Each structure stands twice: as structure tokens, then as C-alpha cells.
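Let me begin by presenting the structure, written as C-alpha cells, before commenting on it.
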Amino acid sequence: MSIGWTREQMAARAAQDIADGAYVNLGIGIPELIAQFVPEGREFVYHTENGLLGMGPPPSEDEKDLDLMNAGKKYVTAAAGASYFHHADSFSMIRGGHIDVCVLGTMQVAENGDIANWSTGAPGAIPAVGGAMDLVQGVKQIYVITQHETKHGEPKLVERCSMPLTGPGVVSRIYTDLAVVEVTPDGFRLVELAPGISFDEVEQKTGAPILPPAR
Amino acid sequence: MSIGWTREQMAARAAQDIADGAYVNLGIGIPELIAQFVPEGREFVYHTENGLLGMGPPPSEDEKDLDLMNAGKKYVTAAAGASYFHHADSFSMIRGGHIDVCVLGTMQVAENGDIANWSTGAPGAIPAVGGAMDLVQGVKQIYVITQHETKHGEPKLVERCSMPLTGPGVVSRIYTDLAVVEVTPDGFRLVELAPGISFDEVEQKTGAPILPPAR
Amino acid sequence: MIDKQVSSIPEAIADISDGATVMIGGFGASGSPIELIHALIDQGTRDLTVINNNTGNGEVGLAALIGNGQVRKMICSFPKSSQSKVFPELYSAGKIELELVPQGTLAERIRAAGAGIPAFYTPTTVGTVLAEGKESREFDGRRYVMEPWLQADFALIKSEVADRHGNLLYNKTARNFSPIMAMAATTTIVQSKRLVAPGEINPEHVVTPGIFVDRIVEVAQPVHEDTLIGQGRAYP
Amino acid sequence: MIDKQVSSIPEAIADISDGATVMIGGFGASGSPIELIHALIDQGTRDLTVINNNTGNGEVGLAALIGNGQVRKMICSFPKSSQSKVFPELYSAGKIELELVPQGTLAERIRAAGAGIPAFYTPTTVGTVLAEGKESREFDGRRYVMEPWLQADFALIKSEVADRHGNLLYNKTARNFSPIMAMAATTTIVQSKRLVAPGEINPEHVVTPGIFVDRIVEVAQPVHEDTLIGQGRAYP
């Protein structure tokens, strides 16, 4: 069995690709870990769509304010230089192209950049979209962090998404436990392998052709 | 010659028709005088479209702040309970139907409620509209204060405006030096005569049929 | 004199009648006007259309209003919650309607109603099933869908500080949808933790100008939805 | 580390090049970033499209920029002024273009650009000559015209207080168009009377969040347009 990157290592690797001074929106789950791995000398400003720019780390029990939460409804703090605003202003930041990077988890991502991460499409499922469709259309760079395969060993990087799309052609980079993959006009292209992982293994576990790294 | 109402009396008469607690936007000129004639026991809140709700009277020389002006670019004060906001929010108040009454001066007003008060339409004139077209479309009640005739003795209350419209069918009441006139589905109707003024005189100086007061 | 204060919660909401469309501020538990919602449960108003980002948590507040069968239709972006089974059960049983609106589109539709903009174009949902049936067109080579404004008869809002004019301050991220809902509703009803004299709120700091507020009732010690849920409470 | 401060005005505006579209904050004299405008005159940048509610006053600031022949086109709502003959003379001589936009539509088009809304509908201008050539349609029995967003390459803004993140406070009605212009421009350049450390501005009071600001230059003692005009000054 392969080893690859842990969740923390995936987050740390993604953080390397975010520029100093970037405005960043982090999805729920592994993406949230990025805030723990900001590279030395860089400062990211976190946007949370419920109305806070400059989100800080979780509060101590003393600091906790029931009215200060993030979009995942977890208690957070406000960093120095933060600001509060209403929801229409918050989504103006998103839709208006002011956020530099959004890092999301996903169920599927396709070689053309399509992403499906809001609904399995199963009959009877209660649809719930939140801000996902706004984020993928509005943020300048959409990065995905995900296990390379589902729990059932099926590829999450696919030729075409079988689940309902969140947005078409929006993803630029994918960080998995096995590799960093970019989405190019020619499809998936390997950027970097996790330690101990071979290109063959990544190719085998990817549901679409994958190109070797650009020279 | 008729006497009729002075500018101050016209403003005072219009103020009588504004309810306690109303949000009011006052145009430049005679409409501004309304603020001096608020009826006993009533409170009006003045909106000025450059970004202040709760505009107060002109400042003393000591109070004057070069950054606190009204839409007519005159220095003003902020009353207790005032708020500042940006221009898009300010015109949301107007366009969104939140302002109760707007009182405007005019060049012409027609029996169907059309108003023309932004451009003579003369060739070569520099067009300048400001917020007039937003106000007439957005505010709940549009009142007009104007001399009944132009300086050249021509009627300002007309069958159809000959000048370019500011907005169609928007005016509900007109306060002139001679009379208070309402705009009804049947055209102009007299509400009240100024002291010493006869219905005949008003009829003669109005460029459209005018109905006697409703019983 | 302008004085939008009313003396009791039941009086503040008395004219919300069956069939009304009601916006309720709050994102999750933060900013939820629990006392106003519970009064609406006490009043028994039915057949409501409720606009909120979510569908409530636990068995208090909005979840309790839904659970009590008073809501015909929810308009929201995220009707699932780890802390509430109320909506999912009713929805699965076909007993409540749902209009699913992406969060940013929901916010913008509400703001548009307050700003007198009957419709606008957004890229959100383009290329997805949620764009089906929507009018779309291209601007500068990119496709957008048209979205209509979203108006309401009433908005129920929680504020931190208010004055008799209706000027409001909020607490941190409890602000969320409340300022735009106050703009969009015909009648905006506010429960405020503190009431101050006009002039005590710095005009530079006002978040919701009084023009958008119709009634204010003081609720000096509001319960927080998260506290009630932590105590395992249900309403009524 | 995020630090949007630049050390000089010429440096702040150096990349504004010929042919750029520039939004300039201010309503009349209030909020006009005089020092940034005068630096643009010094720089000699030409063929500009300028977006402002007016066309400047006297022979300083925006009026001086226009008078110096650097502006190809004005987009504004009220190009006349009792205090300036600069624009009217050039316009009558056919030497400058004008796009006349009603004030509320101007504000909303700017805000739309900042919010990623390529077009919206408004009742303003319906039934007037300013609606000619515009697409219109009915919603709920009332007619509206469609208006496109209004984007810019640069915004020049005057603030009262700023921090290195770009969070801004304004002074009274000097706020006017500045917050929405900061949203709508690719690059927003701010002259601020005071610079403070992050955290000194209460997050509840921030008017323009730093995300909308690119550069800040301190101008501790800005001249006010009205003061210059009162002194009969001309620039340069």
C-alpha cells in the first residue's frame, strides 16, 4: 500500500502555493487545516462568507463569543485588521473576484476543471448548496484538497463528473494524498508526487489520463 | 395683480401635508424652506442623497465641517439619530421606495403627473440630471413646489410637458403661489386657493383644465 | 415624534398573519431572533413562507417554528444541519416546500428587493442543474443567469443596540443577513439587547439606518440558540 | 506581511497610464482626493476616462485635470457647476466626451462592477430621453431599463483613517462614492489622513474592508478643494 501525504501534509503542501498577502476562503474539512501551515514570512487573510474578513484561530474558552462564528458554524476569533460586514457585501467579495484563492473539498473533479461537491444527486437527498456555487464562479483560483480515491477505492479525479456539478471548468489545482495535479487545457497534469508514490500508481488511481510533469 | 402665497408660505403649506415621522428628501430652492416650517408636534427625518439620513440645519461658523454637505453642496449638520452611508446605499433608500416624500421644484408639470425639471431641451445645453430621475421613480409621494407661472407669464402647469421629462406620471400634488393642486386620474383638481386668489384666476393661469375641489 | 419602540414582543408581531412571507435574520445560531420566533410560535400563525439561510437547529427557534407545522415553504441555501432533523423529516415526507437558492444569490436577491432592483444577472449556478429553467444570457463572452428580487412582508431581526429612530448596531458575525433583510421587508421588526437615546450611536458607525426599521422591542437578556440547544431545550 | 503603504504620491499613481479609466471619489468638494489628482496632473497622463459625479470646481482638482486636456471622456450625473467653467467650455467646443448617467444608476452600476453583477434593471429613466437605446422590459407590470456594470482600471480615494491592510474610515459625507469605487476598480489607490496599526480600527466600524484597497499613501494634511477655491487658487 502507498503511504503518501497525511491530511496535514496535504494542507501544508497547498499552503505553499498561496502567495503572501492572499485573501483566502477555506472550505470545511481538510482545507481548514491550511491556516495551521502558513509558510514562514507569509500572511494570509481569511474570508468567511457569513461576514468576516480577517478570521483568526479558534477561541480559548474565555475568548469565545457565541456571535462570532465561521461559515462552518465553528467559533472563531477576529484577527487584528479584521472587519465585519453583511451577507450581500460578503458575497460581493466572492462574486466580484476579490478573493484570491478558495480551497475546497470535493466528491469529484474532472479533467476539464468541473467540480461536483454539493450533492450526490441521489434521489430523495435533501439538496443543500450554501455558498459553494458562488465561490467556484467568483474566486480567482479554485484549489481542491481531497483524498485521491473514495473510501470505496473509486477515483475522485475523473474524465467527467457523474454527480451534479457545482461549477464547470473552474478548478486549477488538486492536492491529494498521492500527488499535486494541475488542470490544463490538455487535461490533468502531474505537478509533484508525494514521497514514496510513483507516477504509475497515480495514473492507475486517476479516472482520466494524466500527463507527466511539464519540463 | 394677485398676491397669493410667498415662497415661505408655499413651503409651510406643503409641510402641512407631510405626516409625522416621514422620511423626506427636499430639492434645491423653495423645497429647502420646508425644514423651517415643520408643523408643531411633528418630526421629519431629512435624507440627502450624497449619504446622510437625519440632516440638520446649516451649521454655525464654529460647527462647519467641509466634509459635511448636502446634495446641493451646502454645508449642513447631522441631527441626533443621523447616519452616514455610501451612495449605492443612499440610492437604495430612494429607488427601493423607503423615502416617503420628495418635494421638488420644476419647470413644467402636466395634468397626467409628468414632470420636466432637469433640462430645457434647448440645443447645445449641457445635460445634467443628478438624482432627479431616481427620486421621481423611487420616492412614494412626489410633491412639487413652484410658481404658478414662469417669469414670462407662461403656465408651468400644462396639458403635456414640452420639455424633456424627468419622469412620467409621478407627481401627486403641486404647491404654487396661487393654489394647492392635486393630480388625479381626471387631471388637475384644485385643493385650496391662496388668500385673495379666485378659482377663475387659477383656471386662467393653468395651461390645462382644472377641476374644482372635490366635495 | 418618531418612536418605533413597542412595549411587548406579542404586540410587535401581532399583525403577522397566516400566509405571510417572513425573513428571519441569523446564520446558524448567530443573530437568530429567538424571542421573536418563539412569540410567533405562541401566536400560532400558519402557512408561512420563511426566508433564512438555514432551517434552524435543535428544537428551538426556527426549527421549532417549522416543527410546529407553521411553515409552508422554506427559501434557503442550506437546509441540512447536523443539529436538526426537523426540516429533513418534514421535507422527506413531502410536508414542506423548499426553494433552494445559492447563498450569494439569496443575499443579492434580498438586497435587490431593498434597493428597488427587480432583477439582476449573476454567474452563480451557470452550468449546473440549479440554472435549469432560468433565463440566461452572455455579457462580454461569459454566461450569466437572471435572478429576481426577493421581497417579504416582514423581517424579524436581532440587534445589539438600537435607538428610537431604528438605527441598529449588531454584534460581530450576528450581523449576516439582518441589514439586507431590514431593507427588503415591508415591515421590519427588531428585538434589541439595548435601547439608547438618538445620538448615542455615532452616525459613522450605524450599520442599519433607521429608515429600514419599523418596530423595536427591547429584549435585554436574549437567550442564544446555542445555549438552548446545549441545555437540550425544546420550544414550546 | 501585508503592507499596502507606499511612501510617496508619485509612486502610488505611477502606473496610471494613458487611456486608463479612473474613478475619482468625492461629491463636489467633499471627499475629493486633491493630492492624488494633482499628482496625476504632474504626471501628465492623457486620454483618460474619468468617472465622478461631477466635473470639478474652480481650477483645481478634477476641474484642473480636465482643463489640462488630460481627460477624453467624463462619465457623470451632473456635469454643470456654478463654480467651474472648465468642463462646459470644453464640452461646448466638442473637445470632451460626456456619458450622462443618473446619479443612482451611476452608483448602482459602480457597485455592480464591484459585486460581479454584469447588469441589472432599474426604473430610473423609464419614459425619458435617457432611456432611448436602452433595453427595457416589464417585471410585475412595471417597466425597467437594463443597465450594465461600470468598471475601472483605477480608483482614487480619500480616507480619514487607514491601516496597512487597507481598512478605511471616512469623514461624514466625504464617504459618498468612495466605498463602491474601491470595490469596482482593478487597482484602488487611497490617500489617507491618518495611518494606524491593524486592530486600532474597530472591526465593527470598518467602512471599506482592506480587500478592496491596493495602495495607501499618507497625506496627513490634505488641502480641501473648497479651501483652494476660496483662495482663488489654480493648479498647477
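Protein chains in written order, with the numbering used here: chain G, 26 to 240; chain V, 26 to 240; chain A, -4 to 231; chain W, -4 to 231.
For each residue, glycine too, the CB sits at the ideal point set by N, CA and C.
These numbers come from a predicted model, not from an experiment.
| query | result |
| --- | --- |
| What do you get for Pro64(V), buried or exposed, if any count of 16 or more other CB atoms within 10 angstroms of its CB means buried? | exposed |
| From Tyr200(W) to Ala150(W), what distance separates their C-alpha atoms? | The question names Tyr, but residue 200(W) in the sequence shown is His. Roughly 22 Å between the two C-alpha positions. |
| With DSSP as the reference, identify every bridge partner of Thr209(G), one or two as the case may be. | Gly212(G) |
| Please state if the CB of Phe69(V) and the CB of Tyr48(V) are separated by a distance shorter than 9 Å. | yes |
| Which residue marks the beginning of the beta strand (DSSP E) containing Arg189(W), and which one marks its end? | 180 to 191 |
| Relative to the alpha-carbon of Ala103(G), which residue among Ala126(W), Glu213(W), Asn197(W) has its alpha-carbon at the smallest distance? | Asn197(W) |
| Give me, in chain order, the residues of the same chain whose beta-carbon lies closer than 7 Å to that of Asp12(W); leave out the 5 immediate sequence neighbours on both sides. | With the sequence shown as reference, residue 12(W) is identified as Ser, and Asp is not the correct amino acid for it. Result list for Ser12(W): Thr40, in chain order. |
| Between which two residues does the beta strand (DSSP E) holding Pro143(A) run? | 137 to 143 |
| Of the choices Cys71(W), Trp144(W), Gln65(W), Gly53(W), whose alpha-carbon is the least far from that of Ile112(W)? | Trp144(W) |
| Is it the case that the Cβ atoms of Arg67(V) and Ile43(V) are separated by a distance below 9 Å? | yes |
| Give me the residue from Met178(A), Tyr139(A), Val185(A), Ile175(A) with the minimum Cα distance to Glu155(A). | Val185(A) |
| Using only CA atoms, which one of Ile151(V), Glu184(V), Trp30(V) lies nearest to Val81(W)? | Ile151(V) |
| Put Gly81(G) into one of helix, strand or coil per three-state DSSP. | strand |
| If you reduce the DSSP assignment to three classes, tell me which class Leu31(W) lands in. | helix |
| Where DSSP assigns a beta bridge to Ile43(G), which residues make up the other side? | Per DSSP, none; premise fails for Ile43(G). |
| Determine the contact status of Ser115(V) and Asn75(V), defining contact as a CB-CB distance below 9 Å. | yes |
| Assuming Ala147(A) and Ile4(A) are in contact, meaning their beta carbons sit under 8 Å apart, how far apart are those beta carbons, in whole angstroms? | At roughly 19 Å, the Cβ-Cβ gap does not stay under 8 Å, so Ala147(A) and Ile4(A) are not in contact. |
| Would you check if the segment 190 to 197 of chain G and the segment 121 to 128 of chain A touch, i.e. whether three or more CB-CB distances between them fall below 8 Å? | yes |
| Report the option in Arg210(W), Thr16(W), Glu195(W) whose CA atom is closest to the CA atom of Thr183(W). | Arg210(W) |
| Do Glu103(W) and Pro217(W) have their beta-carbon atoms positioned less than 9 Å apart in this structure? | no |
| Quick check: the Cα distance between Gly20(W) and Asp125(G), rounded to an integer number of angstroms? | 25 Å |
| Residues in the segment 107 to 120 of chain W with C-beta within 8 Å of chain A's C-beta atoms, listed in sequence order? | Ala107, Ala110, Gly111, Ile112, Pro113, Ala114, Phe115, Tyr116, Thr117, Pro118 |
| For Ile140(G), which residues in the same chain have their Cβ closer than 8 Å to its Cβ, ignoring the five residues on either side in sequence? | Leu129, Thr131, Gln133, Val134, Val161, Ile167, Val169, Cys186, Leu190, Thr191, Gly192, Val195, Val196 |
| Looking only at its own chain, which residues have a Cβ that is under 8 Å from the Cβ of Ala108(A), when we skip the five neighbours before and after it? | Trp144, Leu145, Gln146, Ala147, Met178, Ala179 |
| If the cut-off is 7 Å on Cβ atoms, which residues from the segment 194 to 210 of chain W count as contacting chain G, listed in chain order? | Gly194, Pro198, Glu199, Val201, Pro204, Gly205, Ile206, Phe207 |
| Ile206(W): which of Ala15(W), Ala110(W), Glu92(W) sits nearest, CA to CA? | Ala110(W) |
| Taking a contact to mean a Cβ-Cβ separation below 9 Å, would you say Glu217(G) touches Val208(G) in this structure? | no |
| If we cut at 9 Å on Cβ distances, does Ile119(V) have a partner in chain A? | yes |
| How should Pro74(A) be labelled, buried or exposed, when 16 other C-beta atoms within 10 angstroms of its C-beta is the threshold for buried? | buried |
| Taking the C-alpha atoms as reference points, what is the distance between Gly155(V) and Val96(W)? | 8 Å |
| In chain V, which residues lie less than 9 Å from Arg189(W) when you measure between Cβ atoms? | Going along chain V, no residue has its Cβ under 9 Å from Arg189(W), so there is no contact; the nearest lies around 14 Å. |
| Could you give the residue range of the alpha helix (DSSP H) that holds Ala269(V)? | Residue coverage of chain V in this structure runs from 26 to 240, which leaves residue 269(V) outside it and unanswerable. |
| Which residue comes first and which comes last in the alpha helix (DSSP H) that contains Gly29(G)? | Gly29(G) -> no alpha helix (DSSP H), and no H or E assigned at all. |
| On the DSSP bridge list, what partners appear for Tyr109(V)? | Leu77(V) |
| Would you give the residue range spanned by the beta strand (DSSP E) that Met158(G) belongs to? | It is not in any beta strand (DSSP E) - Met158(G) instead sits in the alpha helix (DSSP H) that spans 157 to 163. |
| Listed from N- to C-terminal order along the chain, which residues in the segment 132 to 164 of chain A have their beta-carbon within a distance smaller than 8 Å of any beta-carbon of chain W? | Phe134, Asp135, Arg137, Tyr139, Pro143, Leu164 |
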